[in-house]
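Peer 1: Let me begin by handing over the structure; questions about it come next.
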Amino acid sequence: MKKIIIFLFLVAGVQQIHAQSYKIMNSAIGTLVGFEALVEDSDLFGYIELRKLDLTDKLTESYKYTILDKNMNTVSTGEFVQKLIKKKCFTELFQISYSDNHVLISFRESFLNGSNVLYLRMGYQILNLKENKIIANDYFDKNINTEENIPKIYSKFKLYSTIALTSFGYIVQENMMYNRKYYAIDFEGKKIWDQPNKIAEERHEFEYSFVDNDKDVTILMATKKRNDKKVSDHLLIIDSKTGKEIAFTDLYRAEYTMFISSVKVSEGKIYIAGKYYEKDKRDNVEYNESLGLYRRIVDIKSGKIDNDAFVPYSKFGDLNISENGKIKREGYLSFQKIHRNPDGSYFVIAEPFIPKNSGAIFSEVYVFQLDKDFKPFKIKAFDTNKTRGSKYSFSQDLANNSGKAFFFYDKNEDKKAELNILNLNYTTNEFSLSKMPMYNEKSDISVVRAKTGYIGIVERYRNPKKDEKTLEIRLEKLNIERN
8 MKKIIIFLFL VAGVQQIHAQ SYKIMNSAIG TLVGFEALVE DSDLFGYIEL
58 RKLDLTDKLT ESYKYTILDK NMNTVSTGEF VQKLIKKKCF TELFQISYSD
108 NHVLISFRES FLNGSNVLYL RMGYQILNLK ENKIIANDYF DKNINTEENI
158 PKIYSKFKLY STIALTSFGY IVQENMMYNR KYYAIDFEGK KIWDQPNKIA
208 EERHEFEYSF VDNDKDVTIL MATKKRNDKK VSDHLLIIDS KTGKEIAFTD
258 LYRAEYTMFI SSVKVSEGKI YIAGKYYEKD KRDNVEYNES LGLYRRIVDI
308 KSGKIDNDAF VPYSKFGDLN ISENGKIKRE GYLSFQKIHR NPDGSYFVIA
358 EPFIPKNSGA IFSEVYVFQL DKDFKPFKIK AFDTNKTRGS KYSFSQDLAN
408 NSGKAFFFYD KNEDKKAELN ILNLNYTTNE FSLSKMPMYN EKSDISVVRA
458 KTGYIGIVER YRNPKKDEKT LEIRLEKLNI ERN
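Residues 8 to 490 in the working numbering are what the sequence shown spells out, letter by letter.
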C-alpha cells in the first residue's frame with residue numbers, strides 16, 4: 008500500500024558489477040538536499056535529486072530537481088522557487104510523495120532566532136512528471152497571516168504530512184502527534200474531501216491515525232479515548248475517491264489486547280496481523296510481554312470481522328520461548344516484518360531484544376513461516392551479532408514478482424558491516440540467504456529501493472575533490488539462486 012518515501016543512508020561497501028548508474032559530482036551547483044526513490048505501492052517509478060540553489064533574493068529560495076527513470080536515465084530537470092515570509096527565514100525539505108506521475112515536495116519554513124529555530128508554516132509544490140511542470144504551489148494552512156510578527160505565527164504552527172492517493176491526488180495529515188485530521192487534495196492542490204468525523208458518547212472522543220489505502224478504500228484507525236486514556240479501537244473505512252464512509256467497525260476483543268503491525272487490503276478484505284496481549288482495561292501495549300501472533304480478516308463493505316486466528320508461542324515448534332514471548336538468553340520477540348504472500352501465507356521476520364536504559368540490545372534474527380490458515384510450519388534462526396537497535400531494513404520484489412527479498416544488516420568475522428539478503432521464492436515457499444560485504448575505506452555506502460529484481464547501491468565518497476564525484480548510485484541484480 009502507500010508508504011511515505013524513505014531513503015536510507017547506512018555504512019557499507021560492495022564490489023561493483025556492470026550496472027546502470029548515476030553520478031553526482033562535487034562541482035554540481037547548489038546543495039544536495041534529497042535523493043529519493045519514487046515509489047507507489049511496491050512499484051518504482053524512478054528517483055528524484057533535489058538541490059537547493061543560492062538565494063534568488065532575500066524573500067525567495069530556488070530549487071533544482073532532476074528526475075531519473077528506474078534505469079537511472081535522466082528524464083527531466085527543472086527549477087522552482089519557494090517564497091519566504093520575511094528576511095532571514097529559510098526552508099527545509101520535509102517530505103517527497105509520489106502518486107500517479109506526480110511528485111509532491113513539501114517544505115517547512117523556519118526562522119532562526121538566536122540559537123532557537125521557530126517553525127512558521129509548511130508549503131508544497133506539485134510537479135507533473137509527464138509535462139515536467141509545477142502545477143500547484145501553495146501552503147497547507149491558508150489562514151496564516153504573514154503580516155503578524157514571527158512569535159505569533161510560530162504559536163499557530165501545524166505540521167503536515169502527505170500520503171499518495173492513487174489516481175486522485177494525496178491524503179494530507181494535519182498534525183503529526185495529537186488531534187490528527189485527514190483530508191484529500193487533487194493534483195492541483197484543491198481539496199476533494201474531508202474525513203468523516205464520528206461522534207462519541209459524552210466525555211469521550213475519537214483520535215484518528217492512518218492505517219492503509221488503495222484506489223478504492225482509505226482506512227483510518229479511530230481510537231476512542233476518555234481523559235486521554237484509550238477505551239477501544241475502531242476502523243473507519245472510507246471511499247478513496249469521495250471520502251464517504253463505507254463502514255465503521257469495532258475491533259474490541261474481550262479476551263485480548265491486540266497490536267496492529269501489518270495491514271493488507273486484498274479482494275474486498277482487510278488482513279490485519281500483529282501481537283496480542285493479556286487483556287488490559289485500556290488496551291495498552293506498552294510492555295514487552297505478549298502472548299503470540301494473531302491475524303484478523305475484516306470485510307470492507309460491512310466492516311464485520313470475518314475471522315480471528317491466534318497463535319500462542321507454545322505453537323512455535325521447538326523454539327525455547329516462554330508463554331510471554333521471551334527466548335532464553337536472547338530476550339523478548341519483536342516482529343519487524345509481517346508479510347502476507349500472494350497465496351495468503353505469511354513470512355515473518357523477528358528479532359529478540361533485551362531492554363536497556365541506553366537502548367534495546369538485539370541479537371538473533373528469526374524467520375517464521377505460517378500457512379494461509381495462519382498455522383506455523385517452519386522456523387529458522389540466523390546467528391547474528393548483538394546490535395543496539397534493529398537489524399532489519401526493508402523488503403523488495405524479486406524479478407517477475409517471483410518472490411520477495413528482505414534486507415537486514417550484521418557484521419562479519421572481522422567486525423565489518425555486511426548486508427544480508429533473504430530471498431523468498433513464492434512458488435516453492437523456500438528461502439535462501441546471501442551476503443554482501445559492506446565496507447569501503449573511501450566511501451560510505453547505503454542501499455535503496457530499486458526496480459523489480461534489483462537493489463540500488465549508493466556510494467557516498469567521504470573526501471571528494473572539487474571535480475570528482477561525491478555520490479554514485481548503481482543497480483545490482485538480485486538473484487534468488489545466489490549464495
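We put the beta carbon where it would ideally sit given N, CA and C, even for glycine. Fair warning: this is a prediction, and the values are worked out from it, not measured in the lab.
(1) DSSP has residue 265 in a bridge; who is on the other side?
(2) According to DSSP, residue 180 sits in a beta bridge with which residue or residues?
(3) Within its chain, find whatever has a CB closer than 6 Å to the CB of residue 203; leave out the 5 residues flanking it on each side and keep chain order.
(4) Spell out the partners DSSP gives residue 349 in its beta bridges.
(5) Quick one: give me the first and last residue of the beta strand (DSSP E) that residue 444 is part of.
(6) Spatial neighbours of residue 360 within its chain, please: CB distance less than 7 Å, with the 5 preceding and 5 following residues excluded, ordered by chain position.
(7) Which of the three DSSP states, helix, strand or coil, is assigned to residue 159?
(8) Would you be able to state if there are at least three C-beta pairs under 8 Å between the stretch 375 to 390 and the stretch 404 to 411?
(9) How is the beta strand (DSSP E) around residue 211 delimited, first residue to last?
(10) Hey, is the stretch 273 to 282 in contact with the stretch 301 to 308, meaning 3+ C-beta pairs nearer than 8 Å?
(11) Report the option in 417, 122, 153, 147 whose CA atom is closest to the CA atom of residue 181.
(12) Touching or not, the stretch 95 to 115 and the stretch 34 to 54, by the rule of three or more beta carbon pairs under 8 Å?
(13) Would you mind giving the Cβ-Cβ distance between residue 450 and residue 466, rounded to the nearest angstrom? I have them listed as a contact below 8 Å.
(14) For residue 87 and residue 72, what's the separation of their Cα atoms in angstroms?
(15) Within this structure, are the beta carbons of residue 108 and residue 149 separated by less than 8 Å?
(16) Can you give me the start and stop residues for the beta strand (DSSP E) that residue 105 sits inside?
(17) Beta-carbon of residue 485 versus every beta-carbon of chain C: anything under 8 Å?
(18) Could you give the C-beta distance for residue 345 and residue 403, rounded to a whole number, given that I count them as a contact under 8 Å?
(19) For residue 442, which residues in the same chain have their Cβ closer than 6 Å to its Cβ, ignoring the five residues on either side in sequence?
(20) Would residue 201 and residue 272 be called neighbours here (beta carbons separated by less than 8 Å)?
(21) Looking at the structure shown, is residue 408 part of a helix, part of a strand, or coil, going by DSSP?
(22) Since residue 6 is in the beta strand (DSSP E), which residue starts that stretch and which ends it?
(23) Kindly indicate the opening and closing residues of the beta strand (DSSP E) around residue 483.
(24) Using 10 angstroms around the beta-carbon of residue 324, count the other beta-carbons present and answer buried if the total reaches 16, otherwise exposed.
(25) Quick check on residue 320: does DSSP put it in helix, strand or coil?
(26) Using 10 angstroms around the beta-carbon of residue 435, count the other beta-carbons present and answer buried if the total reaches 16, otherwise exposed.
(27) Please go through the stretch 57 to 98 and give each complete alpha helix (DSSP H) segment of 4 or more residues, from N-terminal end onward.
(28) Please classify residue 469 as buried or exposed, where buried requires at least 16 other C-beta atoms within 10 Å of its C-beta.
(29) Does the structure place the stretch 119 to 127 close enough to the stretch 167 to 175 that three or more beta carbon pairs sit under 8 Å?
(30) For residue 256, count the other beta carbons within 10 Å of its own beta carbon; 16 or more makes it buried, fewer makes it exposed. Which is it?
(31) Label residue 249 either buried or exposed according to how many other C-beta atoms from any shown protein chain fall within 10 Å of its C-beta, with 16 as the threshold for buried.
(32) Take residue 193 and list the residues in its own chain whose beta-carbon comes closer than 7 Å to its own, dropping the five residues that flank it on each side.
(33) What is the rounded straight-line gap between the Cα of residue 332 and the Cα of residue 229?
(34) Just to confirm, is the Cβ distance from residue 214 to residue 188 under 8 Å?
(35) Comparing alpha-carbon positions, which option in 54, 93, 60 lies nearest residue 77?
(36) Do residue 472 and residue 33 come within 8 Å of each other at the CB atom, strictly closer than that value?
Peer 2: Per the coordinate set shown:
(1) 283
(2) 168, 189
(3) If you ignore the 5 residues before and after residue 203, its C-beta comes within less than 6 Å of the C-beta of 252, all in its own chain and listed in chain order.
(4) Answer is none; residue 349 lacks a bridge partner.
(5) 438 to 444
(6) 338, 339, 341, 367, 368, 369
(7) helix
(8) No, the stretch 404 to 411 is not in contact with the stretch 375 to 390.
(9) Premise fails: residue 211 is in no beta strand (DSSP E) and is neither H nor E.
(10) yes
(11) 147
(12) Counting Cβ pairs under 8 Å, three or more are found: they touch.
(13) About 5 Å; that satisfies the 8 Å criterion.
(14) 8 Å
(15) no
(16) Counted as a single uninterrupted DSSP element, the beta strand (DSSP E) harbouring residue 105 occupies residues 96 to 106.
(17) Protein chain content of the structure displayed is limited to a single chain, and chain C is not contained in it.
(18) Contact flag wrong, Cβ pair sits at about 16 Å.
(19) 425, 427
(20) Not in contact: residue 201 and residue 272 (Cβ atoms no closer than 8 Å).
(21) helix
(22) Residue coverage of the chain in this structure runs from 8 to 490, which leaves residue 6 outside it and unanswerable.
(23) 476 to 484
(24) exposed
(25) For residue 320, the three-state secondary structure derived from DSSP is helix.
(26) exposed
(27) none
(28) exposed
(29) no
(30) The residue in question, residue 256, is buried, as its Cβ has 16 or more Cβ neighbours within 10 Å.
(31) exposed
(32) 175, 176, 199
(33) 28 Å
(34) no
(35) 54
(36) yes
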